[in-house]
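One structure is given here, and the rest of the page talks about it.
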Amino acid sequence: MTLEQYEYDATGVVQSRLVACPFCAHDFTDYEARWEHFYTEHTPKDAGLTPLTESASSPRGVALD
Ligand SMILES: [Zn+2]
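Numbering (the working numbering), first residue to last: 2 to 66.
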């Protein structure tokens, strides 16, 4: 499984985090920034999404340069 849950003893807060990338064979280290891997190694197409440049006319009206 690529997702694990960690419970903080002091607060009882449960946090979920990825231990492996769902799009490639990359295993994350404990303190590695997950967002940075996705930002540098993948594109929206890897998740079956439309690239931002093709969704400029979306209902959100995201402005793109
Ligand atoms: Zn990956």
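Note that beta-carbon positions come from the ideal geometry of N, C-alpha and C, so glycine has one too.
Opening and closing residue of the beta strand (DSSP E) in which residue i lies
i	result
E37	Where E37 is concerned, there is no enclosing beta strand (DSSP E), although the alpha helix (DSSP H) it sits in stretches over R35 to E42.
S7	Note on identity: in this sequence residue 7 is Tyr, with Ser being the wrong assignment. That run of the beta strand (DSSP E) goes L4 to E8.
6 Å CB neighbourhood of residue i in its chain, flanking five on each side removed
i	result
Q6	V15 and S17
E8	V15
Distance between residue j and residue i (C-alpha atoms, nearest Å)
i	j	result
V20	D10	20 Å
Y32	G13	20 Å
W36	T51	18 Å
Beta-carbon proximity list for residue i, same chain, < 8 Å, skipping 5 on both sides
i	result
T3	L19, V20, A21, C22 and P23
Inset, instruction - For the region 22-31 and the region 40-56, state whether three or more C-beta atom pairs, one from each stretch, are separated by less than 8 Å. - result: yes
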